Each structure stands twice: as structure tokens, then as C-alpha cells.
Amino acid sequence: MGTKLHGAAKRAVGRCETVRKVKDTPPGAADPTTVYRQVGSDGFSRYREVVFCTALSGCVASNKSGTAESNAFVSFMQIKRSVLLRRRGFFVLKSAAAAKEKGRLMKNCEKYKKQYFVPEGVSMDWMFKDAIEKPPIWCSVDLRDGNQALVTPMDLSEKLNFFKTLCKLGFKEIEIGFPAASETEYTFCRTLIEQDLIPDDVTIQVLTQSREHIIAKTFEALKGAKRAIVHLYNSTSVAQREQVFRRSKEEIVEIAVTGAKLCREYREKTEGCFVFEYSPESFTGTEPAFAAEICNKVIDIWQPTPEDKVIINLPVTVSHSMPHVYGAQVEYMCKNLHNRENLIISLHPHNDRGCAVADSEMGLLAGGDRIEGTLFGNGERTGNVDIITLALNLYSQGIEPGLDFSDLPAITEVYEKVTGMHVYERQPYSGKLVFAAFSGSHQDAIAKGMKWREEKGGVWNVPYLPIDPEDVGRVYEADVIRINSQSGKGGIGYILETRYHHVLPPKMREAFGYHIKSISDHEHRELQPQEVYDIFVRDFVNRADVLKVEKATYVETDTGVMAITRLSVDGKAIEVSASGNGRLDAMHAAIRKVLGVEYTIEQYTQHALEEKSTSQAAAYVGIRKGNQAFWGAGIDSDIIASSVRALVSAVNRMLGAQKEN
Ligand SMILES: [Zn+2]
Numbered sequence: 037m038g039t040k041l042h043g044a045a046k047r048a049v050g051r052c053e054t055v056r057k058v059k060d061t062p063p064g065a066a067d068p069t070t071v072y073r074q075v076g077s078d079g080f081s082r083y084r085e086v087v088f089c090t091a092l093s094g095c096v097a098s099n100k101s102g103t104a105e106s107n108a109f110v111s112f113m114q115i116k117r118s119v120l121l122r123r124r125g126f127f128v129l130k131s132a133a134a135a136k137e138k139g140r141l142m143k144n145c146e147k148y149k150k151q152y153f154v155p156e157g158v159s160m161d162w163m164f165k166d167a168i169e170k171p172p173i174w175c176s177v178d179l180r181d182g183n184q185a186l187v188t189p190m191d192l193s194e195k196l197n198f199f200k201t202l203c204k205l206g207f208k209e210i211e212i213g214f215p216a217a218s219e220t221e222y223t224f225c226r227t228l229i230e231q232d233l234i235p236d237d238v239t240i241q242v243l244t245q246s247r248e249h250i251i252a253k254t255f256e257a258l259k260g261a262k263r264a265i266v267h268l269y270n271s272t273s274v275a276q277r278e279q280v281f282r283r284s285k286e287e288i289v290e291i292a293v294t295g296a297k298l299c300r301e302y303r304e305k306t307e308g309c310f311v312f313e314y315s316p317e318s319f320t321g322t323e324p325a326f327a328a329e330i331c332n333k334v335i336d337i338w339q340p341t342p343e344d345k346v347i348i349n350l351p352v353t354v355s356h357s358m359p360h361v362y363g364a365q366v367e368y369m370c371k372n373l374h375n376r377e378n379l380i381i382s383l384h385p386h387n388d389r390g391c392a393v394a395d396s397e398m399g400l401l402a403g404g405d406r407i408e409g410t411l412f413g414n415g416e417r418t419g420n421v422d423i424i425t426l427a428l429n430l431y432s433q434g435i436e437p438g439l440d441f442s443d444l445p446a447i448t449e450v451y452e453k454v455t456g457m458h459v460y461e462r463q464p465y466s467g468k469l470v471f472a473a474f475s476g477s478h479q480d481a482i483a484k485g486m487k488w489r490e491e492k493g494g495v496w497n498v499p500y501l502p503i504d505p506e507d508v509g510r511v512y513e514a515d516v517i518r519i520n521s522q523s524g525k526g527g528i529g530y531i532l533e534t535r536y537h538h539v540l541p542p543k544m545r546e547a548f549g550y551h552i553k554s555i556s557d558h559e560h561r562e563l564q565p566q567e568v569y570d571i572f573v574r575d576f577v578n579r580a581d582v583l584k585v586e587k588a589t590y591v592e593t594d595t596g597v598m599a600i601t602r603l604s605v606d607g608k609a610i611e612v613s614a615s616g617n618g619r620l621d622a623m624h625a626a627i628r629k630v631l632g633v634e635y636t637i638e639q640y641t642q643h644a645l646e647e648k649s650t651s652q653a654a655a656y657v658g659i660r661k662g663n664q665a666f667w668g669a670g671i672d673s674d675i676i677a678s679s680v681r682a683l684v685s686a687v688n689r690m691l692g693a694q695k696e697n
């Protein structure tokens, strides 16, 4: 039965024999399919399936023993039904079975091998240092490395805007692009120079490949710049040498040497002050000895001096190893480069393994002087190292980082606008949620920590907050204590206290905490501070929904106070008088008479409410009936009136609860 094959189907099936036609239509397929088998030289059978002549979903099933071959076919059909029609890919039963045999969940780990080289002759003694003592030289590569990784690269005005922001943050070295590579980048470079937009203490940096016309154009782009870093690079890793450039080590060295010489020549011909930087690109995939050799060739040509230092940049173009291995590579380079004292060792970590910050910190411990990175870690693939994190890591240990990140929300806004990227909610220091505490115990600890700080001062060590959120432009009420069903009395009390000046007694705070939690839980959402306050006012303050004091006068008697009142219960007014040792107590007695309910006052506190110019008093009363406690609050310009209102509120909460039951 000849099914005619075309295009991709024909190529994929190759020289297969038809084993059977499948008549039943698998789910998702419109037509019957044909399955082909190919027996490979390894003795494994591979099944491939063609759906409706042209569309191919392939599968490789295998089994060494012929008797089990039909089983393999059955497996193939089963897997195909469940997966393949959706995935249109190859599913390797052989590896799946092998992986299963070895207890593995991922099939292909045999495919991978370490791609890095551990340098010889390193001491790793920097590992004994526990902290970085001074900030590195910071170089922003947002406008080059960061920009080239954007879905939509920045336009000229966005670049100018971003450049200004970077200058404002305190960057003194800013890589602005690859002016010889694109018209936009050339124009950007020229605009900065011609419109005199580069502050005197800021040095721009440009990237160039090691080719004469590119180097020539790069220097042309820099004409008139007061000071600029010319950054020459070529790829040196094993993978790049073998696969991309197909050149020997000698030829790769030759590329660097030619570029270094050309840079030197063009510098002599061009007016201005130019600093040289060289990167053995893909350094982390390069044999350390070869990396040192190629850098030394470049250093020997450039002949750095104390006045004319050379930057040697050691990029983690792709990260392959744990951070301490990169540290060892940096140590090796520091020990084996010529003229080390006149070099600036620069680090440029990418984040493939999520270790860009750790790589940077290890690299600095191991001898690095400079960091190339971006804001929020924007950059190719998983990005470059996030300079904000690095800087604030230093800051959180009492070191001035030399960059101004005191208004992260504003920086985030500019960044998101010009790059079209989004700062992840849990991005260290800058994410929306990184200071937020939802859980009750965390909130409680933070609230107590803040109180402790208020009283005792000293170094910052508030639980759960590695730095003071206010130092980076965040606000406690909005950013720290967030209220949802996980929250507890501490956080909720903290919000009422710091924002609305209500200092609830601890037991009442607990009761109100449960009240808020159940509302948040029920509505399944976070509550804003204002909502928390509104609920407090609605449910606890000056309540008069069932029991209401229509009128009250108090007369002093020999034994205390007599309350002469008109109270109403559910709208029915009742005149009643009762005595007590004070006004609150007398009202308490009057209420008991009217309601005929026994309850006791357990707690009463009050304080002045600070927030308003007209002074108000807030009172809190806790009453107990049997094993249940009820809380109420009262606000009034008169202290006694506020306490009576608090009592009436508590009684109303009790009556409300009785009605519900
Ligand atoms: Zn990079």
C-alpha cells in the first residue's frame, strides 16, 4: 500500500519499511496514520509515524530482543496517543527505559559534560575572606549587552534617557554600544559626544571586533570624546575555536594581536584620551593557560603603565561552573598576567546558572577590580549580573557602594519603560514583594523589631528585613506589612498603629487579627491598609446598631456615680438608671439592667488619637460573657464618652454574635 510521502515526512522517514497501517484514528489526528520501522545498525528498531502523508510525528522505539519488539511498538502507540500528537517530536524510548533502569527522571544527562577548566597552581586562599571590603569599579553595560538582548532594542531617545539615568545613579564607566556595528549605535555615540551629554567624570566605553575597518570606524565614532574605553574582544573558548571560527590556538592569538596593534595605531592617530580593554570572550570555556597566553600577548603590545592602565575583562560569557571555580580562574589570571599592577581586572558574569552575583563576589575576592553588569540583571539569555544586587549586598554590610540606589521604585519605572522588561517580584532588593511579609509570625517579628529599633536604635537588625526598605525608597505600610489570610495580629496591629494611630490592647489586636484574616480568607485576596482600617471602623468603632445610648447624664452620689439614661434596643427606647463606682461602671450596670444579660468588663484602655488637630480620645473595652470575649472601640472628643462608646460597641458585637448563633 503506497502512502506517498513528501517533504519533511519523506526526509524523516528515510529508508523505513512500512510495518503496519493504523486504521483507528488517534485523538487529535484527522486521518488514519501509517507507522514505519527502521532497524538501525545498533540493532534497535525505530518507529516513525506519518500522519496524513505530510505531517510527521516521529518516534523512536526500540528493543534489542526481537520478541519484545511488538511490545516496543505497543509502547510507541500508547505514548503517541497521549503525547506525540501534541508534541510532534521524537520520543526516545531507548533512553527513557535506560534512564528508568538507572532511577533517573531526566533522560539525557549522558549528553553533558563539564565545560570548564580548573586552573592549576591556584591557592584559593581568598576563600578565607568572608567579605568584600571595598566596592569595585562599576561599569554599566545596559546600553550594549543589555540592549542587544531586548525584544525591541532601545531607540535613540530611550538610550539617551537611560544614559542620563545611569549617570545620575553614579556610574563613571558606561558601555554605550558597538558603534561600528550599527547605524543606531553610531548615531547614539555621536549624539552623546556632539551634544556634550557625557559628564566630565564619566567615561564611555565602546566595543569593537578585531578587524581593521571596524576598529577604524570605532575610533571615528569616538572623535571629540574627552575620554573613552575601547573594548576589543575575540572568542577564545574551545567550542568557539572549533565550531565557530575553526581556527587553531595560534590563529586565535593572531586575531587578538592584530586587533591590539590596530587599536594602538588608531589611538596614536586619533585625538583624545583612550583606555584599552581586552576580553577573551567566552573566557569560562577557555583553558586558563591559553586565556593567560592570549591576554599577555595583548598586554605586551599595549604596554600598560600606572598612567595608562589596561582593563583585562574576564567574561563569564556562559556560566559553566560553580562560583568558586570562576574565582579560581580569576586568581589564576591575576597571578599569570604580565604587568598585573598596571592592569584592571574586570569581571563580566552572565547568569546561566543563576550564579552571576556569586561569580562576581567570588571573582572580586579572588582579585577582580571591576564589574561589568546591568540594572536588574538585564542581558542575553538569563542576563548579566545585577549591579543593584551587588551594590546593595555591599551596602547591607556597611559599605558605601558608590552608586545611588536610594529610589529603586523610580529606577524600576525608567527601566521598565525604556526596556519593555518587567522587574520580577522577587528580584533581590528591587522586586515588588521582596520586603513584603504576609505571614503572621513574620509580621509580628517585624513589628516588634521596628518597635525595638525605635526604642534602642543601633545597627539595623530587624528580623526578616536585610536592609531598611526606606533606604531604597520603599514604604513600610505599603511594602512591608501586607495583609492577607496568612497575616496575624502583629502585622494588622502594626498597620493600625503606624498608619492610623490606634494602639490596640494585645488581646484585642488578636481578636481583630482573626476578624481580618477571616475576611481576607473568605474574599481570597490581599487587603489594603485602608481596607483594614475601614473594617476596623465599621465593625468595632462607635457601634450602635442594636444597643444605642440615646441620652445619658451622670450624677455624683455618695457611693459613686448614678447614670440616668435612655437606651434603645432594636429601636425600642427604655429609660433606666443605675449606679456604679464611676461613669463607665454605672453605664455598664444600666446596660445589664436593660438587656438582662450578665457579662463582665475585662479590660479598658484609652489613649489620645494623635492624627487630628481636634484632639480625640480612643478607648478600647473588652467584655466577657461565659468563655467568649468581645471587643469594642470608641472615639470621642470626651474621654469618658469614648469609653462608654467602646463599651456599647463591645456589647453590640456580643449581641451581633448572639443573633448569628
Ligand atoms: Zn555579556
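In the numbering used here, each residue carries its 1-based index in the sequence shown increased by 36.
Every residue gets a Cβ at the ideal spot worked out from N, C-alpha and C, and that includes glycine.
Source: prediction; values computed, not measured.
- Task: Would you mind sorting THR61 into buried or exposed? The rule is 16 or more other CB atoms within 10 Å of its CB.
- Result: Summary for THR61: the model assigns pLDDT 45, below 50, so the residue's position carries little reliability; its value from the coordinates is reported in the next sentence. So THR61 ends up on the exposed side.
- Item | Where ASN429 sits in the DSSP three-state scheme | helix
- Would you mind reading off the limits of the beta strand (DSSP E) that contains PRO351? 346-352 is the span of the beta strand (DSSP E), which, as asked, contains PRO351.
- Report, in whole angstroms, the separation of the C-beta atoms of THR595 and SER615, which I expect to be a contact under 8 Å. 7 Å
- Considering only C-alpha positions, which residue in the set GLU219, GLU367, VAL274 is nearest to SER159? The shortest C-alpha separation from SER159 is found at GLU367.
- Item | Nearest-angstrom Cα separation, counted from ALA481 out to ILE168 | 30 Å
- Shortest alpha-carbon distance to LYS309 belongs to which of ASN270, LYS297, ALA328, GLY260? Note on identity: in this sequence residue 309 is Cys, with Lys being the wrong assignment. Distance from the Cα of CYS309 is smallest, within the candidate group ASN270, LYS297, ALA328, GLY260, for GLY260.
- Heavy atom of ligand 1 less than 8 Å from the Cβ of HIS384, yes or no? yes
- Task: Apply the 10 Å Cβ neighbour rule to CYS145 and answer buried if 16 or more other Cβ atoms are within range, or exposed otherwise.
- Result: exposed
- Query: Looking only at its own chain, which residues have a Cβ that is under 7 Å from the Cβ of PHE224, when we skip the five neighbours before and after it?
  - Reply: LEU192, LYS195, ILE212, GLY213
- Query: Is any heavy atom of ligand 1 found at a distance shorter than 8 Å from the C-beta of GLY415?
  - Reply: Taken from the Cβ of GLY415, at least one heavy atom of ligand 1 lies inside 8 Å.
- So, helix, strand or coil for GLN694, using DSSP? helix
- Go ahead and label ARG574 buried or exposed: buried means 16 or more other beta carbons lie within 10 angstroms of its beta carbon, across all protein chains shown. exposed
- Message: Between which residues of its own chain and LYS695 is the CB-CB distance below 6 Å, once the five residues before and five after are set aside?
- Response: none
- Which residue or residues does DSSP assign as beta-bridge partners of VAL605? Under DSSP, VAL605 takes part in a beta bridge, and its partners are LEU583, LYS608.
- Query: Considering only residues of the same chain and omitting the five flanking positions on each side of ASP422, which have a CB-CB separation below 6 Å?
  - Reply: PHE412, GLY413
- Query: Quick one: complete alpha helix (DSSP H) runs, 4+ long, within the segment 238-276?
  - Reply: 248-257
- Taking all protein chains shown into account, decide if VAL684 is buried (16 or more other Cβ within 10 angstroms of its Cβ) or exposed. Buried, because 16 or more other Cβ atoms sit within 10 Å of the Cβ of VAL684.
- Query: Beta-carbon separation of PHE441 and TYR431 under 9 Å?
  - Reply: The criterion of a C-beta distance shorter than 9 Å is satisfied by PHE441 and TYR431.
- With DSSP collapsed to three states, give me the class of TYR148. coil
- Cβ of TRP667 within 9 Å of Cβ of ALA686? yes
- Query: For HIS458, is the classification buried or exposed, using 16 other Cβ atoms within 10 angstroms of its Cβ as the cut-off for buried?
  - Reply: By the neighbour-count rule (16 or more Cβ atoms within 10 Å), HIS458 is not buried but exposed.
- Message: Using the three-state DSSP reduction, which class does ARG681 fall into: helix, strand or coil?
- Response: helix
- Query: When DSSP labels each residue in this structure, what does ASP674 get in the three-state scheme?
  - Reply: coil
- Message: Using a 10 Å radius around the Cβ and a threshold of 16 neighbouring Cβ atoms, would you call MET37 buried or exposed?
- Response: Residue placement at MET37 is poorly supported in this model, since its pLDDT is 36, which falls under 50; the coordinates are not used for a value here.
- Query: In terms of alpha-carbon separation, which member of VAL354, LYS525, SER556, GLY493 lies closest to PRO541?
  - Reply: LYS525
- At a cut-off of 8 Å, is ASN387 close to ligand 1 when judged by its beta-carbon and the heavy atoms of the ligand? no
- Message: Taking 8 Å as the limit between beta carbons, can you name the residues of its chain near VAL361, skipping five residues before and five after?
- Response: TYR152, VAL154
- Short Cβ contact (9 Å threshold) for TYR500 with LEU532: no
- Message: Let me check understanding here. Comparing Cα to Cα, which of ILE234, GLY529, LYS543 lies closest to ARG518?
- Response: GLY529
- Query: Do LEU426 and PRO437 have their C-beta atoms closer together than 9 Å?
  - Reply: yes
- Task: Measure the C-alpha to C-alpha separation of TRP488 and GLN479 and round it to an integer number of angstroms.
- Result: 14 Å
- For PRO63, does the three-state DSSP call read helix, strand or coil? Unreliable placement is indicated for PRO63, whose pLDDT of 46 sits below 50; the coordinate value is still reported in the next sentence. If DSSP states are grouped into helix, strand and coil, PRO63 belongs with coil.
- Within this structure, are the beta carbons of LEU603 and LEU583 separated by less than 9 Å? yes
- Query: Where do the N-terminal and C-terminal ends of the alpha helix (DSSP H) with GLN639 fall, by residue?
  - Reply: No alpha helix (DSSP H) contains GLN639, which is instead part of the beta strand (DSSP E) from 636-645.
- Task: Consult DSSP for TRP667 and reduce its assignment to one of helix, strand or coil.
- Result: strand
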